[in-house]
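Trainee: Numbering (UniProt numbering), first residue to last: 1 to 318.
Here you go, one structure.
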């Protein structure tokens, strides 16, 4: 039960937006929730437990609401991976100051989704340089619709946008860490990057890994299960039994838990493709409940199996 509660709290980024977001005039006239790219969410920061987890040497994982944050903290300052939501920025800063009071110099976004870039503007205003994939820069300037989640997300403000972008590899040498950020072909989105702390044997996957539950995959931005599986192959090639993995959502992982997640994706992909080959419609596939045997282990997140089947189907058909 405690594990389920912990998993739920780490994943409420989408659920909180759907159920307890603050309505403005534009939202009231809208059929779907209208999210101001991380600005309009649960405003009660006191209800969210922001927590730093030491991983190895000077590398940390920070949990709260939204995507898991990675941190390199040392004499050179702070390199942060993802920024969660704007209303949590002060709590995140306070937690980091318990370890080191130096400024946050660099902020890397693993992709463009609002639960990973929502705090960008606040950290940029404090002087952080934001770095991301070329497509994160492009996608953050657009309004987005997520039909399977029943929500719309507004474009980010200019001050929240990355100042440095790339589409292949970027290296950082800070706090004694060699940090390699590299892009992968479309997988969760068309803007995904992986961050590898080579010496420390730590990998931040962004949303290429949801530890313990069905993932959201942004098929509107080129995402697919096939792409996720291929991207995970690249991550596994860098890992061994001692690798520590920071997932986009969920508890700290390792190579074994990532392999288990990939095997689930392969199973779902195979089952949906088989049914598409039989000319079954999405409604037909959903009515068969082909993921019933997987739901107990993977269905505790914010997506129902029906929603995940819809995502899998759309990714294959697209």
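From the three backbone atoms N, C-alpha and C, an ideal C-beta is built for every residue, glycine too.
This structure is a prediction, so every number in the text was calculated from the model and none was measured.
Since residue 157 and residue 126 should fall inside the 8 Å C-beta cutoff, what is the C-beta to C-beta distance between them, to a whole number of angstroms?
Mentor: Locating residue 157 in the chain shown gives position 157, where the first residue counts as 1. Locating residue 126 in the chain shown gives position 126, where the first residue counts as 1. About 15 Å; that fails the 8 Å criterion.
Trainee: Suppose you measure from the CA of residue 194 to the CA of residue 182; what does that come to, to the nearest Å?
Mentor: Position 194 of the chain shown, counted from the start, is the residue given in the question as residue 194. Position 182 of the chain shown, counted from the start, is the residue given in the question as residue 182. Rounded to whole angstroms, residue 194 to residue 182 spans 5 Å at the Cα level.
Trainee: Put residue 170 into one of helix, strand or coil per three-state DSSP.
Mentor: Position 170 of the chain shown, counted from the first residue, corresponds to residue 170. Correct three-state label for residue 170: strand.
Trainee: Classify residue 207 as buried or exposed, calling it buried when 16 or more other Cβ atoms lie within 10 Å of its own Cβ.
Mentor: To locate residue 207, count along the chain shown from 1; it is residue 207. Answer is buried; the Cβ neighbour count reaches 16.
Trainee: Excluding the five sequence neighbours on either side, which residues of its own chain have a C-beta within less than 8 Å of the C-beta of residue 165, listed in chain order?
Mentor: As a working note, residue 165 is residue 165 in the chain shown. The residues are 131, 132, 133, 134, 136 and 137.
Trainee: Tell me, which residues are paired with residue 180 by DSSP?
Mentor: As a first step, residue 180 must be located in the chain shown, where it is residue number 180. Paired residues: 171 and 196.
Trainee: So the alpha helix (DSSP H) residue 228 belongs to, where does it begin and stop?
Mentor: The residue you call residue 228 lines up with position 228 of the chain shown. Unbroken alpha helix (DSSP H) run through residue 228: 225-237.
Trainee: Quick check: residue 89 and residue 114, are their CB atoms within less than 9 Å of each other?
Mentor: For this step, residue 89 is matched to residue 89 along the chain shown. For this step, residue 114 is matched to residue 114 along the chain shown. No.
Trainee: Exposed or buried, residue 186, counting other C-beta atoms within 10 Å across all chains shown (16 or more means buried)?
Mentor: Walking along the chain shown from the start, residue 186 turns up at place 186. Flag for residue 186 reads buried.
Trainee: Is the CB-CB distance between residue 196 and residue 174 below 9 Å?
Mentor: As a working note, residue 196 is residue 196 in the chain shown. As a working note, residue 174 is residue 174 in the chain shown. It is not a contact, given that the beta carbons lie outside the stated cut-off.
Trainee: Taking just the CA atoms, how far does residue 68 sit from residue 20?
Mentor: Position 20 of the chain shown holds residue 20. Position 68 of the chain shown holds residue 68. With a pLDDT of 33 at residue 20, under the threshold of 50, the modelled position of that residue is not reliable, and the figure given next carries that caveat. Cα to Cα, the separation comes out at about 21 Å.
Trainee: Relative to the alpha-carbon of residue 148, which residue among 233, 74, 219 and 54 has its alpha-carbon at the smallest distance?
Mentor: To locate residue 148, count along the chain shown from 1; it is residue 148. Ranking 233, 74, 219 and 54 by Cα distance to residue 148 puts 219 first.
Trainee: For residue 87, which three-state DSSP category applies?
Mentor: Here residue 87 is taken as the residue at index 87 of the chain shown, counted from 1. Residue state, collapsed to three classes: helix.
Trainee: Figure out for me which residue from 200, 314 and 64 has the closest Cα to the Cα of residue 95.
Mentor: Residue 95 sits at position 95 when you count from the first residue of the chain shown. Of the candidates 200, 314 and 64, the one whose C-alpha sits nearest the C-alpha of residue 95 is 64.
Trainee: At the level of alpha carbons, what is the spacing between residue 319 and residue 129?
Mentor: Residue coverage of the chain in this structure runs from 1 to 318, which leaves residue 319 outside it and unanswerable.
Trainee: So, helix, strand or coil for residue 252, using DSSP?
Mentor: On the chain shown, residue 252 is found 252 positions in, with the first residue counted as 1. It is coil, neither helix nor strand.
Trainee: Where do the ends of the alpha helix (DSSP H) carrying residue 295 lie?
Mentor: Sequence index remark: in the chain shown, residue 295 carries index 295 (1-based). Its alpha helix (DSSP H) spans residues 292-298.
Trainee: Any idea what DSSP makes of residue 202, helix, strand or coil?
Mentor: Here the question's residue 202 lines up with position 202 in the chain shown. Strand.
Trainee: Going along the chain, which residues of its own chain have a beta-carbon closer than 6 Å to the beta-carbon of residue 29, five neighbours each way excluded?
Mentor: On the chain shown, residue 29 is found 29 positions in, with the first residue counted as 1. Any reading at residue 29 must be qualified, since the residue scores a pLDDT of 30, below 50, and its modelled position is unreliable; the value itself is stated next. Counting only Cβ-Cβ distances below 6 Å, and skipping sequence neighbours, we find nothing.
Trainee: How is residue 101 classed by DSSP in three states: helix, strand or coil?
Mentor: Stepping through the chain shown from its first residue, residue 101 is reached at position 101. Here residue 101 sits in coil by DSSP.
Trainee: Measuring CB atoms only, is the segment 298-313 touching the segment 210-226, in the sense that at least three cross pairs come out at less than 8 Å?
Mentor: Yes: the two stretches touch, three or more of their Cβ pairs being nearer than 8 Å.
Trainee: Mind checking which residues open and close the alpha helix (DSSP H) that includes residue 313?
Mentor: The count along the chain shown starts at 1 and reaches residue 313 at position 313. Taken as a continuous stretch (DSSP letters only), the alpha helix (DSSP H) holding residue 313 covers 305-317.
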